[in-house]
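Heads up, the thing below is written out as structure tokens.
Number of protein chains: 2
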Amino acid sequence: MLEKFIRTVKRHNMFQKGDGIVVGVSGGPDSIALLHLFWRIREEYDLKLYAVHLNHQFRGEEADEDADYVRRFCENIGVKAFIFSKNVSLYSKEKGITFEEAGREIRYGLFDEVMKKMNANKIAVAQNMDDQAETVLMRLMRGTGLEGLSAIDYVRDEKIIRPILDIRRKEIEDYCNEYNLKPRIDKTNLEAVYTRNRIRLELIPYIEKYFNKNIKETLSRTTNIIREDKDFLNIAAKKAYHQVVIKNNSDIRINKKAFEEKHPAIQRRILREAINQSMGELKDVQHKHIEKLLDFIKYGSVGREIHLPKGIYAVLDYDAMMIKKGKRKIERDEFEYNINIGETLNIKEDKAFLKAVVIDRKDIKNISKGQDKKYFDFDKIKSHLIVRNRRNGDRFTPFGMKGSKKLKDFFIDEKISREERDKIPLVCDGEEIIWVIGHRMSENYKVEKETKNVLVIIYKKYS
Amino acid sequence: MLEKFIRTVKRHNMFQKGDGIVVGVSGGPDSIALLHLFWRIREEYDLKLYAVHLNHQFRGEEADEDADYVRRFCENIGVKAFIFSKNVSLYSKEKGITFEEAGREIRYGLFDEVMKKMNANKIAVAQNMDDQAETVLMRLMRGTGLEGLSAIDYVRDEKIIRPILDIRRKEIEDYCNEYNLKPRIDKTNLEAVYTRNRIRLELIPYIEKYFNKNIKETLSRTTNIIREDKDFLNIAAKKAYHQVVIKNNSDIRINKKAFEEKHPAIQRRILREAINQSMGELKDVQHKHIEKLLDFIKYGSVGREIHLPKGIYAVLDYDAMMIKKGKRKIERDEFEYNINIGETLNIKEDKAFLKAVVIDRKDIKNISKGQDKKYFDFDKIKSHLIVRNRRNGDRFTPFGMKGSKKLKDFFIDEKISREERDKIPLVCDGEEIIWVIGHRMSENYKVEKETKNVLVIIYKKYS
């Protein structure tokens, strides 16, 4: 395994002799093996190693034991360890982001802090080949482009390195046994645990059995080819961007004629970068937004506007499309999010987390009841799940009723004030409302005798 | 559905007013709906329609009934039908290609023939959105690059069009019911039926249930984005090719310095195209061949050679790599094929077809016995399945024996002549021989009491 590690490190130029390397160590097999591998080559490559561990304060004693284990492990091999303890849960609530996002933000912040303090220059993290394969499948199933399919990068920003990305989880576990490292059981990979576990424990074994015994290697190889294709496209797009776009403070001006001469693959990337420049991030930008903009710049009429998330909007001029940041007054604050089964969604507008899972009917009794939880017949879902606030023309079939009524009339019957109405989140199956959160679920989705799969939606206010 | 059809047709510029269109019609729901849709718009767009049906002579009466149905259907709506009948099975044996390849070759030959005869200019075929999604998943699981992930093209060579590629199979079936078209049950899609059926009946429903209800639309969208990325890369590669490569008869000369200045994504495409130019096709060229060449041109020593399939080889000069077609004498004709579960493989060197399927232990009694069939414990397979002839150093554990022996000694014990030895195909699990075809299977892979999944390998000489 040491050979594989060195091969990956060399192929991707991960560090130079004499470098200082900050290693993120959760205490699980991956990060412990990573640290141990670095430790074995530290003299040959004259490396200065620093371990960073974050106690998430999430699983009480267990988390403390993880921290202790990392401290002792590092002491034993003589590597300086920085152990931090942060209330990730609190931080996530304060910033209105999910627990996973909060954990990542804090961790990388600490890595940077230690890197600067110790005058190091690289941050090593411990994703493996299984993580890579799972990520590709997850992204593919959710919908993605080249960006997503190229999955986890070996090197990012010439700073973050992933030296065990070509090594399988099984090999890492064997390595830990061989060297008697006794890692902690890895529970810190909290990101989309549900989806990832299904991919890991069901989907990949199924594919291995019936389609390709080496699916992990195959996917890893595919992402490596795709990553280079992506890289080439991004270089080309960057060059094109400066031929097409003029930035003036926060306003972005895209020259129509220059834009039209570019290839559609490049056009899409120019639009993404323009939004990125204006918005400061791309997190809430979806494929449909880019397609909308593409249509707009091609076929829209001069003077028209279209709206994008976070108050960004685009206006058409005679020879350009401008992307601006919204001083404009929006009539009503609309929000809409896709629900991915198994993931926690942060609905900032209502300061709440939403999570959807699917369970077998027979497991329903194992779940505690509560007002913040509703059950639906999953097989009645026809389209994709979203959560949004009301739109004009919404209709609803309240539980216990036959036939639908206007949502507005339902609100009136329920004596909900106008101000409140705009804030109430609605879970929908495509166009159809299945749950008016806090009020009523739909008759059309109730769990019945024949129900096999139950969709459980949990909704929790965090303030 | 007519609207969706027209939208796809317009978006991809599939035809012009006044065009003559040859429609491939198997008689199944997809092709019947496709023909019916064209028929409905024929006057508005001034189209001349011709239906082409091929009777594969494979399922006797049923195939004749399919042909009759297509003839009557076309008569009813007043579309000229060309019904052909060919012995596809015989053709496949004569040409040493699989039944599926033979069917495709003959069909497209006939489409071209009718197109020329009737002075038409387009060929319409009936793949749908489900086919698209299945193809992406199949390719992804087998390993592929952008080329494969972009899956089925809407338009190919400005001639072959696929106007129902955005429509789901279910919609097509509903359409056939609505218009009472009574299509034949589609059995003609013989390509990789086993793998495809598993994807269609198990994998996609599983993904729909646990990950994404709209996986088909998602995959279709992904392929559409990727197709444009691929297109851009191919345009760039084509341009680069002519800056780097000089062709002299069948010899291809790749300038090292010019090559090295290109991006790796482009370098790979230049190498593929160079092999294509030299070999005339890319069918047997695998990812590993391209990687080998890439390493060779970068790090190889002047004067060295490496071999590629079909007698193609590469030689290094001081300032160039040459790709040549082999007058050179090869010491022994080596062959090697990957075995994909569920597909028929043609082993030309031994004039035989090989097919591998996996079944449940309990279904073993439903399968007829025979010398050309062997059973293995599928769960004992550790790597990927290949079939090849012998290599130096091969070892083998014959059925009923403990411990391995040299394959050479096995051949001597079995009194197999030297000439014969090179021809005998060996099924291998990675490096390990599991079946010396025609002689003995391996002790290490036998079906035992605990065996759950049985790998059945069928091997049939066709001459």
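Protein chains in written order, with full-length UniProt numbering: chain A, 1 to 463; chain B, 1 to 463.
The C-beta atom is built at its ideal place from N, Cα and C for all residues, glycine as well.
- Counted as a single uninterrupted DSSP element, the alpha helix (DSSP H) harbouring K257(A) occupies residues K256 to E260.
- Considering only beta carbons, the part of the region 206-220 of chain A lying closer than 8 Å to chain B consists of Y206, I207, K209, Y210, F211, N212, K213, N214, I215, T218 and L219, in chain order.
- In the displayed model, D394(A) falls within coil according to three-state DSSP, outside both helix and strand.
- Scanning its chain for C-beta atoms nearer than 6 Å, with the 5 sequence neighbours on each side dropped, one finds around R107(A) the residues L54, in chain order.
- If you draw a 10 Å sphere on the C-beta of D317(B), you find fewer than 16 other C-beta atoms in it, and that means exposed.
- The Cβ neighbour count for L201(B), taken over all protein chains shown within 10 Å, is under 16; the residue is labelled exposed.
- For D429(B), the uninterrupted beta strand (DSSP E) run begins and ends at L426 to D429, by DSSP.
- Setting aside the 5 residues that flank it on each side, T344(B) is surrounded in the same chain by T98, F353 and K355, each with a C-beta closer than 6 Å to its C-beta; the list follows chain order.
- Under the 8 Å criterion on CB atoms, H242(B) is classed as non-interfacial with respect to chain A.
- M1(B) and Y175(B) have their C-alpha atoms spaced approximately 8 Å apart.
- Look at the beta carbons and you see the region 158-170 of chain B touching the region 118-133 of chain B: at least three pairs across the two are nearer than 8 Å.
- Looking from the CA of G303(B), the closest CA among G311(B), M322(B) and N340(B) belongs to M322(B).
- For the options R440(B), G109(B), R142(B) and D422(B), the alpha carbon positioned closest to that of L219(A) is the one of R142(B).
- According to the DSSP assignment, F353(A) belongs to no alpha helix (DSSP H) but to the beta strand (DSSP E) extending over A352 to D360.
- Closest by C-alpha distance to E101(B), out of A133(B), K283(B) and V23(B), is K283(B).
- Excluding sequence positions up to five before and after Q57(A), its CB lies within less than 8 Å of the CB of A63, S85, K86, N87, V88 and S89, all in the same chain and listed in chain order.
- Fully enclosed beta strand (DSSP E) runs of no fewer than 3 residues occupy 305-307, 312-316, 320-325 and 336-338 of the region 268-338 of chain A, in order along the chain.
- Taking 8 Å as the threshold, the shortest C-beta distance from G143(B) to chain A falls below it.
- Ranking I347(B), L407(B), E147(B) and R388(B) by CA distance to the CA of D394(B) puts L407(B) first.
- The contact set of L49(A) on chain B, defined by CB atoms closer than 9 Å, is empty, because the minimum CB distance reaches about 31 Å.
- The Cβ of L146(A) sits closer than 8 Å to at least one Cβ of chain B.
- DSSP lists D429(B) as the beta-bridge partner residues of L385(B).
- DSSP places Y175(A) inside the alpha helix (DSSP H), whose first and last residues are R169 to E178.
- In the three-state DSSP reduction, N224(A) falls in the helix class (H, G or I).
- For E414(A), the closest alpha carbon among the candidates G438(A), N392(A) and L146(A) is that of G438(A).
- Comparing C-alpha distances from I41(B) to each of L271(B), V52(B), V25(B) and I21(B) shows the shortest one belongs to I21(B).
- Contact between the region 11-20 of chain A and the region 65-76 of chain A is absent: fewer than 3 CB-CB pairs across the two stretches fall below 8 Å.
- A contact between stretches requires three or more CB pairs, one per stretch, nearer than 8 Å, and the region 133-149 of chain A meets this requirement with the region 213-229 of chain B.
- At a cut-off of 8 Å between beta-carbon atoms, F232(B) makes contact with chain A.
- Here R162(B) is not near I172(B), since their CB atoms are 8 Å or more apart.
- S89(B): member of the alpha helix (DSSP H) spanning V88 to K95, first to last residue.
- Per DSSP, H36(B) lies in no beta strand (DSSP E) segment; the continuous alpha helix (DSSP H) that holds it begins and ends at P29 to I41.
- If you draw a straight line from the Cα of K460(A) to the Cα of I204(B), it comes to about 32 Å.
- Between M138(A) and T195(A), the alpha-carbon positions lie close to 8 Å from each other.
- The beta carbon of D379(B) lies closer than 8 Å to those of T451, K452 and N453 in the same chain, with the five residues before and after it left out.
- Shortest Cα-Cα distance from E448(B) to any of I160(B), N255(B), F376(B) and R11(B) involves F376(B).
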